[in-house]
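S.K.: Provided herewith is a single structure, encoded as structure tokens, for subsequent inquiry.
There are 2 protein chains.
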Amino acid sequence: MPESPSKDSDDGVRPGEITVSLPDRFEAGIYFIGRIRTPWTRREDCPHNARDSDALCSIEVDPRWVAALAGVETCSHLVVLYWMDQSRRDLAVQVPRHYGEGRGTFALRSPARPNPIAMSVVALKEVRGCSLSVTGLDCLDGTALIDIKPYFASVDCVPDAVVGWHRDRK
Amino acid sequence: MPESPSKDSDDGVRPGEITVSLPDRFEAGIYFIGRIRTPWTRREDCPHNARDSDALCSIEVDPRWVAALAGVETCSHLVVLYWMDQSRRDLAVQVPRHYGEGRGTFALRSPARPNPIAMSVVALKEVRGCSLSVTGLDCLDGTALIDIKPYFASVDCVPDAVVGWHRDRK
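Protein chains in written order, with the working numbering: chain A, -1 to 168; chain B, -1 to 168.
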């Protein structure tokens, strides 16, 4: 655990982006519970949208937690949380390259956010020991895993949800 | 930020539950970025399923992050991540009271997990300054907020997802 908040990454700030000063200290701590293996080793190779790719990825859970996987094999889909450690944490407004317009961090799925936790819904293909084969990920090889949850359509699925700025973009 | 992992809560371990020894140190740190206000001040009062309740809750974002909300008002639904700080972090197998059978932590949505991050999909009703009115939360009043994301049906919605153990339970 870093003793104090890490320095920002080397990523520059683009025109139109807004940074804020971060708090002096963290208020809670994260354990890494495994690693995600994907075919992508450079950010520019990652699929822009996880559903654009049917690449099989694997989630390697730390053997310490093997007992916590009991029952996971009965799930068709999982919510996976992982830690995007290469991202700036101080951006409040971002200008994503592919949109070219400033948006608030909380209106974006960008990895740059105060707590760089990404959430993906994945389809589970196989469980073998501590290793889960899944599709639906778009992160870099070696990304740190922080949680796995069962996906319940009853609470997690909203077919008619709308992200207005995205629907209306030119 | 605690200097070292916190002690377990006073919650007992039930027969059939399995604990693991936690790592010696955290590997990443979390900023709390706001607080969630709900009508529930005791765990036993929280709705068991967030969709069972249409209670209006509010997400109070730290003013430091107000610029990060730009565009959020165009979203019908949001993914909200929050920190369940009253939960044990060392349970690998749990026996939830309402199921009475042991299940792996990663097959459950229980707040007790190595990283006690809860994920809820909420319906956004109104944004006023740093305050978001939403439905779909089931957490205690005062819970720490750690992230807000736009909900994209294209990647987050899986209508036919199945949690086999839950579907087949007696």
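Ideal placement from N, C-alpha and C gives every residue a C-beta, glycine not left out.
Return helix, strand or coil for Thr39 (chain A), following the three-state DSSP convention.
M.R.: Along the first sequence, one-based indexing puts residue 39 (chain A) at 41. Thr39 (chain A): coil per DSSP, three-state reduction.
S.K.: Can you name the residues of chain B whose CB is closer than 8 Å to the CB of Cys128 (chain A)?
M.R.: Here residue 128 (chain A) corresponds to residue number 130 of the first sequence, with the count starting at 1. Neighbours of Cys128 (chain A) on chain B: none; closest Cβ ~11 Å, over 8 Å.
S.K.: Helix, strand or coil for Arg126 (chain A)? Go by DSSP, reduced to three states.
M.R.: The residue labelled residue 126 (chain A) in the question sits at position 128 within the first sequence. Strand.
S.K.: Within 10 angstroms of the Cβ of Val47 (chain A), are there 16 or more other Cβ atoms? Answer buried if so, exposed if not.
M.R.: Stepping through the first sequence from its first residue, residue 47 (chain A) is reached at position 49. Checking the displayed sequence, the identity of residue 47 (chain A) turns out to be Asn instead of Val. Label assigned to Asn47 (chain A): exposed.
S.K.: Give the single residue among B:Lys147, B:Ile115, B:Val77 and B:Ala66 whose Cα lies nearest to the Cα of Ala90 (chain A).
M.R.: By one-based count along the first sequence, residue 90 (chain A) stands at place 92. Nearest of B:Lys147, B:Ile115, B:Val77 and B:Ala66 to Ala90 (chain A), Cα basis: B:Ala66.
S.K.: DSSP state of Ala154 (chain A), grouped into three classes?
M.R.: On the first sequence, position 156 is the one that residue 154 (chain A) refers to. Looking at the sequence provided, one finds Asp at residue 154 (chain A) rather than Ala. Helix.
S.K.: Check whether the Cβ of Pro112 (chain A) sits closer than 6 Å to any heavy atom of the ligand GDP, and report yes or no.
M.R.: Of the ligands one can find in the structure shown there are none, so the ligand GDP has no counterpart to examine.
S.K.: Is it buried or exposed, Leu14 (chain A), if we count other Cβ atoms within 10 angstroms and call 16 or more buried?
M.R.: In the first sequence, the residue the question calls residue 14 (chain A) occupies position 16. Correcting the residue type first, residue 14 (chain A) is Gly in the shown sequence and not Leu. With fewer than 16 Cβ atoms within 10 Å of its Cβ, Gly14 (chain A) is classed as exposed.
S.K.: With DSSP as the reference, label Asp50 (chain A) as helix, strand or coil.
M.R.: As a working note, residue 50 (chain A) is residue 52 in the first sequence. Residue state, collapsed to three classes: helix.
S.K.: Can you find a CB in chain B that lies within less than 7 Å of the CB of Cys73 (chain A)?
M.R.: Locating residue 73 (chain A) in the first sequence gives position 75, where the first residue counts as 1. Taking Cβ atoms only, chain B reaches closer than 7 Å to Cys73 (chain A), which makes this a yes.
S.K.: Let's see if you can read the secondary structure: which residues bound the alpha helix (DSSP H) around Thr75 (chain B)?
M.R.: Walking along the second sequence from the start, residue 75 (chain B) turns up at place 77. As written in the sequence, residue 75 (chain B) is His, which differs from the Thr given in the question. Unbroken run through His75 (chain B) is the beta strand (DSSP E), His75 to Trp81; no alpha helix (DSSP H).
S.K.: What number of angstroms, rounded off, separates the C-alpha of Ser7 (chain A) from the C-alpha of Arg87 (chain A)?
M.R.: Counted from its first residue, the first sequence places residue 7 (chain A) at position 9. Counted from its first residue, the first sequence places residue 87 (chain A) at position 89. Because the pLDDT of Ser7 (chain A) is 45, which lies under 50, any placement of that residue in the model is unreliable, and the number read from its coordinates should be weighed accordingly. Cα to Cα, the separation comes out at about 9 Å.
S.K.: So which residues on chain B does Trp63 (chain A) lean against when the C-beta distance must stay under 9 Å?
M.R.: For the purposes of this step, residue 63 (chain A) is taken as the residue at position 65 of the first sequence. Ordered by position in chain B, the residues that pass the 9 Å Cβ test against Trp63 (chain A) are Val18, Ala90, Gly102, Thr103, Phe104 and Pro112.
S.K.: Quick one: what does DSSP say Arg165 (chain B) is sitting in, helix, strand or coil?
M.R.: Taking the first residue of the second sequence as position 1, residue 165 (chain B) is located at position 167. Here Arg165 (chain B) sits in helix by DSSP.
S.K.: List the residues that DSSP assigns as beta-bridge partners of Pro13 (chain A).
M.R.: In the first sequence, residue 13 (chain A) corresponds to position 15, counting from 1. According to DSSP, which records beta bridges pairwise, Pro13 (chain A) is partnered with nothing at all.
S.K.: Counting only beta-carbon atoms, is Leu122 (chain A) nearer than 7 Å to chain B?
M.R.: The residue labelled residue 122 (chain A) in the question sits at position 124 within the first sequence. Taking Cβ atoms only, chain B never reaches closer than 7 Å to Leu122 (chain A), which makes this a no.
S.K.: With 8 Å as the C-beta to C-beta threshold (strictly closer), list the residues of the segment 138 to 157 of chain B near chain A in chain order.
M.R.: Ala142, Ile144, Asp145, Ile146, Lys147, Pro148, Tyr149, Phe150, Ala151, Ser152, Val153, Asp154, Cys155, Val156 and Pro157
S.K.: Could you confirm whether any beta carbon from chain A is found closer than 7 Å to the beta carbon of Arg49 (chain B)?
M.R.: As a first step, residue 49 (chain B) is located in the second sequence; it is residue number 51 there, counting from the start. Yes, Arg49 (chain B) lies at the interface with chain A (some Cβ there is under 7 Å from its Cβ).
S.K.: Is any beta-carbon of chain A found at less than 7 Å from that of Arg95 (chain B)?
M.R.: Reading the second sequence from its first residue, position 97 is the one you call residue 95 (chain B). So no, Arg95 (chain B) is outside the interface.
S.K.: Between the segment 59 to 74 of chain B and the segment 30 to 44 of chain B, are three or more C-beta pairs nearer than 8 Å?
M.R.: yes
S.K.: Which two residues bound the contiguous beta strand (DSSP E) that contains Ala90 (chain A)?
M.R.: Residue mapping note: residue 90 (chain A) aligns to position 92 of the first sequence, counting from 1. Per DSSP, Ala90 (chain A) belongs to the beta strand (DSSP E) from Leu89 to Gln92.
S.K.: Considering only C-alpha positions, which residue in the set A:Leu138, A:Lys147, A:Arg165 and A:Ser51 is nearest to Tyr149 (chain B)?
M.R.: Taking the second sequence and counting its residues from 1, one reaches residue 149 (chain B) at position 151. It is A:Arg165.
S.K.: Apart from the five residues just before and just after Val64 (chain A), which ones in its own chain have a Cβ nearer than 8 Å to its Cβ?
M.R.: Position 66 of the first sequence, counted from the start, is the residue given in the question as residue 64 (chain A). Result list for Val64 (chain A): Gly127 and Cys128, in chain order.
S.K.: Identify every residue that forms a DSSP beta bridge with Glu58 (chain B).
M.R.: In the second sequence, residue 58 (chain B) corresponds to position 60, counting from 1. Answer is B:Arg33 and B:Ser129, bridged to Glu58 (chain B).
S.K.: For Leu67 (chain B), which three-state DSSP category applies?
M.R.: Position 69 of the second sequence holds residue 67 (chain B). Of the three classes helix, strand and coil, the one that applies to Leu67 (chain B) here is helix, per DSSP.
S.K.: So with CB distances below 7 Å, who are the chain A contacts of Val70 (chain B)?
M.R.: Position 72 of the second sequence, counting from 1, holds the residue named residue 70 (chain B). By Cβ distance, chain A contributes Gly102, Phe104 and Ala105.
S.K.: Using a 10 Å radius around the Cβ and a threshold of 16 neighbouring Cβ atoms, would you call Gly98 (chain B) buried or exposed?
M.R.: One-based indexing of the second sequence puts residue 98 (chain B) at position 100. Exposed, because fewer than 16 other Cβ atoms sit within 10 Å of the Cβ of Gly98 (chain B).
S.K.: Sort B:Thr141, B:Ile16 and B:Ala121 by Cα distance to Val161 (chain A) and report the nearest one.
M.R.: Translated into the one-based positions of the first sequence, residue 161 (chain A) becomes position 163. In terms of Cα proximity to Val161 (chain A), the closest of B:Thr141, B:Ile16 and B:Ala121 is B:Ala121.
S.K.: Is Ser171 (chain B) near Val153 (chain B), with beta carbons less than 7 Å apart?
M.R.: The displayed coordinates of chain B run from -1 to 168. Any statement about residue 171 (chain B) would go beyond what the structure contains.
S.K.: Give a yes or no on whether 7 Å exceeds the smallest Cβ distance from Pro21 (chain A) to chain B.
M.R.: Position 23 of the first sequence, counted from the start, is the residue given in the question as residue 21 (chain A). Cβ-Cβ to chain B under 7 Å: yes for Pro21 (chain A).
S.K.: Who does Leu143 (chain B) pair with in a DSSP beta bridge?
M.R.: By one-based count along the second sequence, residue 143 (chain B) stands at place 145. In the DSSP output, where bridge partners are listed per residue, Leu143 (chain B) has B:Gly32 and B:Tyr80.
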